[in-house]
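K.L.:
Protein chains in written order, with our numbering: chain A, 1 to 376; chain B, 377 to 752. Take this structure first; my questions come after.
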């Protein structure tokens with residue numbers, strides 16, 4: 001089954017749609033839990049399935065290092081490897097190469113880098129990234145891009161953006177060539193817009209990427225250290241310029257508020273490590289804001305993490321028990337917390353989708369944000 | 377509902393029975409997963425329930441330090457705290473005091489010790505241990521005993537055993553007094569036999585403990601560093617001397633082979649951290665022996681951990697995936713491994729119970745041990 005996106009309904013700029021993939025249909029707007037190393041951290045695939053996500057993200061950079069693409073392909077690809085029946089989107093490896101590895105050389109051809117694990121030498125290019133993502137067997141692949149650090153000069157950002165554009169074309173060519181040979185089993189391919197926080201560069205980038213034959217378009221290079229307001233301003237500037245007929249993906253963002261604001265600007269897809277990473281650090285999301293489970297005030301608190309949540313964690317154990325597990329370093333603390341945080345994110349997206357369908361997203365957004373702000 | 381033990385059937389020395397508690401009926405012989413800090417390490421209570429154990433063990437020493445008995449009682453006791461519907465047996469704290477804490481003073485009255493967590497001063501005595509176990513709300517409590525280190529002189533072991541006997545009477549008196557006041561909600565109480573590896577001392581100890589009005593009798597002080605053969609010899613010497621009408625519990629033992637040998641000697645109950653701790657270290661039990669999942673030979677192994685196992689781990693993921701999770705330090709590695717190891721132990725006990733019921737335990741034992749020995 002080839003990839004398709006249908007826009008079902010709009011409510012202001014907010015969009016209700018669905019994406020078809022070989023591993024099921026995905027209702028948008030959607031949040032994709034991050035399954036870094038073919039594992040959504042702390043959860044078994046059975047526990048992940050019980051939370052009901054239709055798509056997760058895997059990291060090309062992490063999986064090309066461990067277990068490596070030859071082995072991963074031999075084992076039947078990421079779905080079979082982790083026994084996951086839903087859809088998978090892979091990033092291109094670009095972001096992690098620039099944020100985690102030690103770069104040896106960036107050339108027109110691609111990037112030579114050393115693994116953050118063992119210092120071994122590796123190479124990624126548009127062609128190599130598309131090859132790896134295809135061999136992983138994912139449903140949606142991303143074009144290989146360069147992601148400049150926040151604080152780079154305008155000149156550096158511009159130069160990097162232009163490289164990303166040339167790499168986008170090479171990613172697409174490589175994908176088309178592979179598809180011509182391999183047929184319909186190849187993944188869909190999304191392009192990535194760069195340009196930092198410079199609106200004119202972002203305009204050039206969205207025009208360039210929109211002109212190419214990608215299946216979807218993503219905003220990259222945000223949530224990389226810039227102030228929250230700059231992220232929101234840039235996202236709000238770019239989103240309406242993105243093609244209406246293709247899915248729009250805001251990469252690596254963000255907090256529950258960010259998701260609501262992204263949807264309000266017309267974004268369809270999100271991913272972020274925040275719910276899973278915060279869970280392991282004892283920070284829990286609730287409809288009244290975040291709470292730190294290690295706080296002594298929860299010591300004898302018999303209530304659930306969030307009275308409005310019906311996840312397994314909230315149904316079965318108290319804040320007092322979760323605090324005890326966290327303070328004593330029990331592994332189950334991460335498991336319970338991750339189940340709650342991902343449930344919170346996935347439930348939020350369900351509520352967002354329902355409110356768009358019933359033309360009430362505006363009031364949903366207002367209520368959600370004011371409740372968070374008041375903490376009540 | 378008060379505690380009761382019924383011996384249903386014997387096959388040689390092997391016994392098939394059942395124990396009734398306020399939290400359900402327990403089929404024996406039984407293995408009790410260890411839930412140290414009111415959590416069977418790596419698992420949520422939901423995952424534990426799915427494995428089907430009828431009883432778990434909680435550690436008095438660990439829980440009196442964190443979260444502390446006042447808080448635990450205020451929160452409704454261990455069952456409510458961890459949302460566990462099955463039965464709970466607590467140890468007396470004695471073993472951990474002598475193996476984990478730094479002892480300040482052992483007196484006739486009890487033991488002054490310092491927490492291994494923060495060095496805080498604490499006191500345990502027969503009366504205090506029974507009080508804590510009762511307030512935890514457990515179904516079966518253990519008498520407070522002294523457990524001498526392996527390598528202690530015969531004289532030290534004898535002196536320690538005599539102290540354990542005096543403490544046994546005080547545990548029983550304290551329990552009776554509390555029961556007279558509090559009524560039927562109090563736990564059953566088991567006595568503990570000591571005496572190291574000295575058969576004459578063990579004989580004196582079993583006679584002494586058997587003469588007292590305990591609900592069950594346990595062999596303590598084994599698996600504390602002595603050679604395996606000494607453990608088996610002592611267990612085989614003591615088991616037939618234990619009262620036939622009461623459950624017989626071999627504390628802290630052991631490997632799958634040990635459980636089979638224990639049942640063959642007439643033991644009804646076991647507990648051990650081995651399946652859960654080994655899981656976290658990547659050692660998995662199978663019907664062909666143990667395997668270390670980090671071994672490079674499993675890198676591309678698409679088979680399950682144990683082809684004869686039907687646990688969630690063996691049904692859903694490969695050795696190659698489990699090796700990947702373990703090598704990359706994923707939390708899910710511990711979860712999958714723990715589910716397999718506990719399933720292996722619990723399935724073994726089910727098979728043992730069935731073989732006793734059908735008078736075929738002898739051939740079951742022979743087949744099981746020879747298969748383990750041949751690794752095929």
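By construction, the Cβ of each residue, glycine as well, lies at the ideal position given by its N, Cα and C atoms.
Taking DSSP as the reference, what is the three-state secondary structure of residue 350 of chain A?
P.N.:
Within the first chain, numbered from 1, the residue matching residue 350 of chain A stands at position 350. The answer is helix: DSSP assigns residue 350 of chain A an H, G or I state.
K.L.:
State yes or no: is the beta carbon of residue 125 of chain A nearer than 8 Å to at least one beta carbon in chain B?
P.N.:
Taking the first chain and counting its residues from 1, one reaches residue 125 of chain A at position 125. Answer no: the Cβ-Cβ gap between residue 125 of chain A and chain B never drops below 8 Å.
K.L.:
Tell me the DSSP bridge mates of residue 665 of chain B?
P.N.:
The count along the second chain starts at 1 and reaches residue 665 of chain B at position 289. B:662.
K.L.:
Considering only C-alpha positions, which residue in the set B:448, B:564 and B:522 is nearest to residue 595 of chain B?
P.N.:
What you label residue 595 of chain B is simply residue 219 of the second chain in a count that begins at 1. That would be B:522, whose Cα lies nearest to the Cα of residue 595 of chain B.
K.L.:
Count the other C-beta atoms from every protein chain shown that fall within 10 angstroms of the C-beta of residue 385 of chain B, then say buried if there are 16 or more, exposed otherwise.
P.N.:
Taking the second chain and counting its residues from 1, the one referred to as residue 385 of chain B is at position 9. That one is exposed.
K.L.:
Mind pulling the chain B residues with CB within less than 9 Å of residue 42 of chain A?
P.N.:
On the first chain, position 42 is the one that residue 42 of chain A refers to. By Cβ distance, chain B contributes 706, 707, 708 and 711.
K.L.:
In terms of residues, what are the limits of the beta strand (DSSP E) holding residue 488 of chain B?
P.N.:
As a position in the second chain, residue 488 of chain B is number 112, starting the count at 1. Note, residue 488 of chain B: beta strand (DSSP E), 487-490.
K.L.:
Mind checking whether residue 256 of chain A and residue 325 of chain A have CB atoms under 8 Å apart?
P.N.:
By 1-based counting over the first chain, the position of residue 256 of chain A is 256. By 1-based counting over the first chain, the position of residue 325 of chain A is 325. No, Cβ-Cβ distance for residue 256 of chain A and residue 325 of chain A is not below 8 Å.
K.L.:
Between which two residues does the beta strand (DSSP E) containing residue 625 of chain B stretch?
P.N.:
Reading the second chain from its first residue, position 249 is the one you call residue 625 of chain B. Per DSSP, residue 625 of chain B belongs to the beta strand (DSSP E) from 624-626.
K.L.:
Let me check understanding here. Comparing Cα to Cα, which of A:4, A:175, A:199 and A:20 lies closest to residue 135 of chain A?
P.N.:
Counting from one through the first chain, the residue named residue 135 of chain A turns up at place 135. Selected option, being the one with the closest Cα: A:175.
K.L.:
What three-state label does DSSP hand residue 717 of chain B in the structure shown?
P.N.:
As a working mapping, residue 717 of chain B is identified with position 341 in the second chain. In this structure, residue 717 of chain B counts as helix in the three-state DSSP scheme.
K.L.:
Any idea if residue 345 of chain B is buried or exposed, counting beta-carbon neighbours within 10 angstroms, 16 or more meaning buried?
P.N.:
Lying outside 377 to 752, the shown extent of chain B, residue 345 of chain B is not represented and no answer is given.
K.L.:
With a threshold of 8 Å, are at least 3 pairs of Cβ atoms found where one atom belongs to the stretch 250-265 of chain A and the other to the stretch 309-327 of chain A?
P.N.:
The stretch 250-265 of chain A, when compared against the stretch 309-327 of chain A, does not touch it at the 8 Å Cβ threshold.
K.L.:
Residue range of the alpha helix (DSSP H) that residue 739 of chain B falls in?
P.N.:
For the purposes of this step, residue 739 of chain B is identified with residue 363 of the second chain, where counting begins at 1. Residues 737-750.
K.L.:
By the criterion of Cβ-Cβ separation under 7 Å, what are the contact partners of residue 81 of chain A in chain B?
P.N.:
The sequence position of residue 81 of chain A within the first chain is 81, counting from 1. What residue 81 of chain A touches in chain B: 697.
K.L.:
With burial defined as no fewer than 16 other Cβ atoms inside 10 Å of the residue's Cβ, what is the status of residue 662 of chain B: buried or exposed?
P.N.:
In the second chain, the residue the question calls residue 662 of chain B occupies position 286. It is buried - the Cβ of residue 662 of chain B has at least 16 other Cβ atoms within 10 Å.
K.L.:
Please list the terminal residues of the continuous beta strand (DSSP E) segment that includes residue 56 of chain A.
P.N.:
Here residue 56 of chain A refers to the residue found at position 56 of the first chain. Here the beta strand (DSSP E) through residue 56 of chain A covers 55-58.
K.L.:
Who are the neighbours of residue 700 of chain B on chain A, taking C-beta pairs under 8 Å?
P.N.:
Position 324 of the second chain, counted from the first residue, corresponds to residue 700 of chain B. Within chain A, the residues near residue 700 of chain B are 37, 38, 66, 67 and 81.
K.L.:
Taking Cβ-Cβ distances shorter than 9 Å, what residues in chain A pair up with residue 652 of chain B?
P.N.:
For the purposes of this step, residue 652 of chain B is taken as residue 276 along the second chain, with counting starting at 1. Under the 9 Å cutoff, chain A gives no residues; its nearest Cβ is about 10 Å from residue 652 of chain B.
K.L.:
Does DSSP put residue 201 of chain A in a helix, a strand or coil?
P.N.:
On the first chain, residue 201 of chain A is found 201 positions in, with the first residue counted as 1. DSSP places residue 201 of chain A in helix when its eight states are reduced to three.
K.L.:
Which same chain residues, not among the five before or five after residue 212 of chain A, have their C-beta less than 7 Å away from its C-beta?
P.N.:
As a working mapping, residue 212 of chain A is identified with position 212 in the first chain. These residues qualify, in order along the chain: 168, 169, 172 and 191.
K.L.:
Any contact between the stretch 199-210 of chain A and the stretch 237-254 of chain A? By contact I mean 3 or more CB pairs, one from each, below 8 Å.
P.N.:
Enough Cβ pairs lie closer than 8 Å, so yes.
K.L.:
To be precise: take each residue of the stretch 281-305 of chain A, compare its Cβ to all Cβ atoms of chain B, and keep it if any distance is under 8 Å. Which residues remain?
P.N.:
Answer in chain order: 299, 300 and 302.
K.L.:
What in chain A is Cβ-close to residue 688 of chain B, meaning under 8 Å?
P.N.:
Residue mapping note: residue 688 of chain B aligns to position 312 of the second chain, counting from 1. Near residue 688 of chain B (Cβ distances below 8 Å), the residues of chain A are 44 and 46.
K.L.:
Over what stretch of residues does the alpha helix (DSSP H) that includes residue 643 of chain B continue unbroken?
P.N.:
Here residue 643 of chain B refers to the residue found at position 267 when the second chain is read from its first residue. Here residue 643 of chain B belongs to no alpha helix (DSSP H), and DSSP marks it neither H nor E.
K.L.:
Please check if any C-beta of chain A sits within less than 8 Å of the C-beta of residue 724 of chain B.
P.N.:
Counted from its first residue, the second chain places residue 724 of chain B at position 348. By this cut-off, residue 724 of chain B is not an interface position.
K.L.:
If you follow the beta strand (DSSP E) that residue 481 of chain B is in, where does it begin and where does it stop?
P.N.:
Numbered from its first residue, the second chain carries residue 481 of chain B at position 105. Unbroken beta strand (DSSP E) run through residue 481 of chain B: 478-482.
K.L.:
Is there a Cβ of chain A sitting closer than 8 Å to that of residue 743 of chain B, yes or no?
P.N.:
Looking up residue 743 of chain B in the second chain gives position 367. Chain A contact via Cβ: absent.
K.L.:
Determine the burial state of residue 696 of chain B: buried for a count of at least 16 other Cβ atoms within 10 Å of its Cβ, exposed for fewer.
P.N.:
Indexing the second chain from 1 puts residue 696 of chain B at position 320. It counts as buried.
K.L.:
Against residue 327 of chain A, what residues of chain B qualify as contacts under a CB-to-CB distance less than 9 Å, listed in chain order?
P.N.:
Here residue 327 of chain A refers to the residue found at position 327 of the first chain. What residue 327 of chain A touches in chain B: 442 and 443.
K.L.:
Tell me whether residue 341 of chain A is buried or exposed, calling it buried when 16 or more other Cβ atoms sit within 10 Å of its Cβ.
P.N.:
Counted from its first residue, the first chain places residue 341 of chain A at position 341. With 16 or more other Cβ atoms within 10 Å, it is buried.
K.L.:
Note down, in chain order, every chain B residue with its Cβ under 9 Å from the Cβ of residue 317 of chain A.
P.N.:
Within the first chain, numbered from 1, the residue matching residue 317 of chain A stands at position 317. Here the neighbours are 420, 421, 457, 458 and 459.
K.L.:
List the residues of chain B whose Cβ lies closer than 7 Å to the Cβ of residue 74 of chain A, in chain order.
P.N.:
For this step, residue 74 of chain A is matched to residue 74 along the first chain. Neighbours of residue 74 of chain A on chain B, chain order: 676.
K.L.:
Would the stretch 80-99 of chain A count as touching the stretch 50-60 of chain A if we require 3 or more Cβ pairs under 8 Å?
P.N.:
Yes, since at least three Cβ pairs between the stretch 80-99 of chain A and the stretch 50-60 of chain A fall closer than 8 Å, the two stretches touch.
K.L.:
In three-state terms, what does DSSP make of residue 675 of chain B?
P.N.:
Here residue 675 of chain B is taken as the residue at index 299 of the second chain, counted from 1. Coil at residue 675 of chain B, not helix or strand.
K.L.:
Only counting the same chain, and skipping five residues up and downstream in sequence, which positions put a Cβ closer than 6 Å to that of residue 280 of chain A?
P.N.:
As a position in the first chain, residue 280 of chain A is number 280, starting the count at 1. The answer, listed in chain order, is 334.
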